[in-house]
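These notes are about the structure you will find just below.
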Amino acid sequence: MQLIYSSVHITNLEVPRTYILEREEFLTTTAFPPSPPPSDSVDGHQPQHDEPEEDDEVASSTTVATSTSTTTFSPFTSGQPVDTGVEADSGNSSTAVKPLIMDCQYEIKANECGFVLKWYFNRKLIYQWIPARNPIGMNQFKSELRTNYSMSDSANYKYRALVIQHPKLNHSGEYMCSVQTYESFDRKAARFQIVVPEKMLLLHYENDAEKENMLLIKCSVFMIYPEPSLVLVVSGDLLLVSSRTIVVSDRHHMYNKTVYGLIDKHLLISPTSIGCVLTVAGSSYVRKRETIYYDPTQLTRWSRLRMDERGRFEISDGSSGISITTSGTEFYLA
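Residue 244 in the UniProt record's numbering is what sits at position 244 of the sequence shown, and the numbering runs on without skipping anything.
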């Protein structure tokens, strides 16, 4: 059933859930000024057609839209995620940061007048456009936006997009589009997260030094932003509670994190899978590592077999009772 609206309304808000900022790109945009805290003041329903105030803000009651993910991944691989965002302008270097484009699609009835579009970041007004006037960037985004980016030839839709020229770490947050006329208004919001991929993700297991019946599992990630979550998984579906976690960050806000888990080896059926799942809250970013655990005690007796000069095998401690002779491709135990 198709809805019929009698006022201005947003039909689709395209805010990518995740933006992958590659390490080379991050090194060119290491500035990390603190974002101003969200405000709870209310923005009026009537559009403002004069020059916007620097402290114009939005009400806390908004519609949160389902954001569109721009990251794809393959399970249990280490390949880099694929960013389906818009490419940078031609002629830029291979390490140039891709502009971030957020689109606000809407419909306006022919009888409505006084249209104005606004974009907010964490409830702070950062962009305003009134048809027949030039778009304006403001507050902390005043010099960050490309305000001449056209999304349509139609006068009422031309500069509806928010285009951040050089995405930075502090651009993660909530983005909201607001459309208003003299008669009505509508707004939608979505969360957005920038991720700098990890330099390395390692998974390792060994016998616990203190308890010989316990297996110690260790998963470590290095040089990632923001701080991720690491979950240890045994046998494909058993989540292992971490016994210890170590987190370290540097002056560039890059995180190193290690989680440790212990499990009784008698609970494991050899061979069994051991995995580590890395996720970033508020994003679609996922990485996985997997290894196979083999119980070494099942191989101990066979590892002591030795061949004598007659081609017979015996246990190395001198005990007999196991001998092997061969005939063609067949093996016989005696």
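Where is the CB? At the ideal position from N, CA and C, for every residue including glycine.
Enclosing beta strand (DSSP E) for residue i [first to last residue]
i, result
"GLU290", "286 to 293"
"GLU14", "9 to 14"
"HIS204", "200 to 207"
"ILE217", "214 to 224"
"LEU125", "124 to 129"
"LEU100", "100 to 107"
"ALA155", "Taken as a continuous stretch (DSSP letters only), ALA155 belongs to no beta strand (DSSP E), as it is neither H nor E."
Minimum C-alpha distance to residue i - residue among the options
i, options, result
"GLN180", "TYR293, SER273, LYS118, THR245", "LYS118"
"GLU144", "LYS188, ALA161, ARG123, HIS166", "HIS166"
"GLN105", "HIS266, SER7, ASN256, ALA161", "ALA161"
"SER242", "VAL277, PRO271, ASN134, ASN139", "VAL277"
"SER284", "ILE20, MET138, TYR157, HIS9", "ILE20"
"ILE10", "PRO271, SER229, ARG187, TYR255", "ARG187"
"SER7", "ALA189, ILE136, ILE108", "ILE108"
"LYS124", "LYS211, ASN139, HIS252", "ASN139"
"ILE101", "ASN122, GLY137, MET151, ILE126", "MET151"
"LEU240", "ILE217, SER249, ASP295, GLU24", "ILE217"
"PRO271", "ASP295, PHE121, VAL116, GLU210", "ASP295"
Supposed close pair residue i, residue j - CB separation, criterion 8 Å
i, j, result
"GLU14", "ASP103", "4 Å"
"GLU198", "PHE222", "6 Å"
Distance CB(residue i)-CB(residue j) smaller than 9 Å
i, j, result
"ALA110", "ALA132", "no"
"LEU215", "VAL259", "no"
"LYS257", "ILE269", "no"
"GLU22", "VAL196", "yes"
"GLY114", "TYR182", "yes"
"TYR225", "PHE26", "yes"
"PHE192", "SER172", "yes"
"ARG17", "GLY282", "yes"
"ILE194", "LEU230", "no"
Cutoff 7 Å; reference residue i; Cβ partners in own chain excluding five residues on either side
i, result
"SER273", "SER235, GLY236, GLU290, ILE292"
"ASN148", "none"
"ARG146", "PRO99, VAL163, GLN165"
"LEU238", "none"
Chain-order list of residues whose beta-carbon lies under 6 Å from that of residue i (same chain, five-residue window excluded)
i, result
"SER220", "LEU202, THR258"
"TYR159", "TRP129, PRO135"
"MET254", "MET223, TYR225"
"VAL64", "Summary for VAL64: the model assigns pLDDT 43, below 50, so the residue's position carries little reliability; its value from the coordinates is reported in the next sentence. The answer, listed in chain order, is ALA189."
"GLU227", "TYR255"
"HIS45", "The predicted model places HIS45 with a pLDDT of 42, which falls under 50 and marks its position as unreliable; any figure quoted below should be read in that light. Only PHE185 meet the Cβ criterion."
"HIS204", "LYS218"
C-beta neighbour in chain C for residue i, strict 9 Å
i, result
"ASN156", "The chain labelled as chain C is not found in the depicted structure, where only one protein chain is given."
Other residues of its chain near residue i: CB distance less than 8 Å, five sequence neighbours each side excluded
i, result
"ASN213", "ASP264, LYS265, HIS266"
"GLU112", "SER7, VAL8, THR181, TYR182, GLU183, SER184"
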